[in-house]
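K.L.:
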Amino acid sequence: MPNPLFGRDVVSIRDFTRSDLETLFNTATKISNMPSRERRRLADGRLLGLIFYEPSSRTKLSFESAMYSIGGGSIGITDPSTSSIEKGENFTDTVIVVSGYVDVLAIRHPREGAARYAASISEKPVINAGSGAEEHPTQAMLDLYTIYREKGRIDGLTVGIMGDLRYSRTIYSLLYALSKYDTKIRLISPPELRLRSDALIDIHKSSWIQHISISEVISELDVLYVTRIQKERFPDPTEYQKVKGSYYVDASILEQGKSDLIVLHPLPRVDEIRPEVDRLPQAKYFLQAKLGRDLRAALLALILNPEL
Ligand code: NCD
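Going by the working numbering, the sequence shown opens with residue 32, and the numbers climb by one from there.
1) Taking 7 Å as the line, does the beta carbon of residue 163 fall inside it for any heavy atom of ligand 1?
2) Compare the Cα-Cα distances from residue 154 to each of 176, 130, 175 and report the closest residue.
3) For residue 166, which of helix, strand or coil comes out of DSSP?
4) Roughly how many angstroms separate the alpha carbons of residue 300 and residue 32, rounded to a whole number?
5) Would you say the beta carbon of residue 297 comes nearer than 7 Å to a heavy atom of ligand 1?
6) Strictly by DSSP, which residues pair up with residue 265?
7) Quick one: complete beta strand (DSSP E) runs, 3+ long, within the segment 74-110?
8) Can you tell me where the beta strand (DSSP E) holding residue 137 begins and where it ends?
9) What does residue 131 pair with, by DSSP beta-bridge criteria?
10) What would DSSP say about residue 193, mapped onto helix, strand or coil?
11) Do residue 80 and residue 106 have their C-beta atoms within less than 8 Å of each other?
12) List the DSSP bridge partners of residue 31.
13) Within its chain, find whatever has a CB closer than 7 Å to the CB of residue 72; leave out the 5 residues flanking it on each side and keep chain order.
14) So, residue 258 versus residue 194, is the Cβ gap smaller than 8 Å?
15) Thinking C-alpha only, which one of 272, 111, 228, 94 is nearest residue 160?
16) Cα-Cα, which of 169, 100, 198 is closest to residue 76?
17) I'd like the list of long-range same chain contacts for residue 127, defined as Cβ closer than 8 Å, with 5 residues on each side in sequence excluded.
18) Verify whether the separation of the beta carbon atoms of residue 284 and residue 246 is less than 8 Å.
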């Protein structure tokens with residue numbers, strides 16, 4: 032039997048079971064402890080293709096570095112203005128052509144549904160590296176992996192999710208992923224940035240409560256996940272002005288929390304986590320970004336190797 036992730040598209044975290052995620056986390060830990068010569072055989076001579084229609088630092092670099100760490104290479108279009116997209120080439124043709132050059136694709140696109148569509152026309156597995164405000168499944172995978180590594184479990188935890196719940200795709204993937212576990216969820220945002228109602232159906236099974244202020248819930252939390260306001264996704268800039276700077280985490284808020292609380296953030300951070308938090312033991316967002324490479328290396332290795 033091939034491993035359960037072999038040859039799979041990664042479009043939505045909803046397509047993955049708890050058992051798939053456990054395989055992924057165990058493989059990430061296994062790969063990070065492998066001698067480099069053995070690790071570099073996992074994608075020897077294989078290529079990852081990146082098609083990014085939106086800006087990216089971590090996702091792009093961690094995918095490239097992950098592929099390199101298991102012996103493969105990457106090519107990509109990460110600045111559409113320097114590719115044939117600028118000449119008018121459409122998304123369909125770009126995906127079909129690049130999928131003929133590589134073994135697996137990672138795609139970031141401003142439109143919801145773009146990754147699902149790309150997977151339907153690509154010859155090779157497609158990984159969704161962010162589809163509009165919809166989902167960012169590999170971010171949720173690395174978020175859960177970080178929680179699992181730090182807490183030793185996911186079941187039984189109380190997770191606070193604070194920030195732009197309306198437009199943060201990372202939050203939707205994280206909520207869908209957490210709903211596979213027995214967690215308590217506390218949503219913290221100004222009223223204007225509450226979850227979109229279209230997503231509630233999928234998370235109705237988790238126990239969640241909506242709050243406006245972090246101080247109402249901080250003492251209950253095991254994990255606090257923060258996101259920036261997704262300025263670029265606001266249909267009206269005046270709506271952004273109304274909520275700008277409306278929430279933040281600082282050292283004095285964390286003093287009211289449990290001593291083993293961990294603070295995560297998908298990054299980039301703007302002003303929602305004050306720099307003074309970086310030197311506190313609760314700050315795990317840079318570790319989270321680092322673990323993202325191991326997690327993505329495991330995901331690529333599992334997609335490419337039936338026997339792993
Ligand atoms: C996130 C994204 O692109 O959705 N970034 C990332 O991949 N780490 C979060 C964000 O942009 O705020």
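Here a beta-carbon is modelled for each residue, glycine too, at the ideal position from N, C-alpha and C.
P.N.:
If we stick to the structure as given:
1) no
2) 130
3) strand
4) 42 Å
5) yes
6) The partner list for residue 265 (beta bridge, DSSP) is empty, contrary to what the question assumes.
7) 78-83, 104-108
8) 135-140
9) DSSP lists no partner for residue 131.
10) strand
11) yes
12) Residue coverage of the chain in this structure runs from 32 to 339, which leaves residue 31 outside it and unanswerable.
13) 102
14) yes
15) 94
16) 100
17) 152, 153, 154
18) yes
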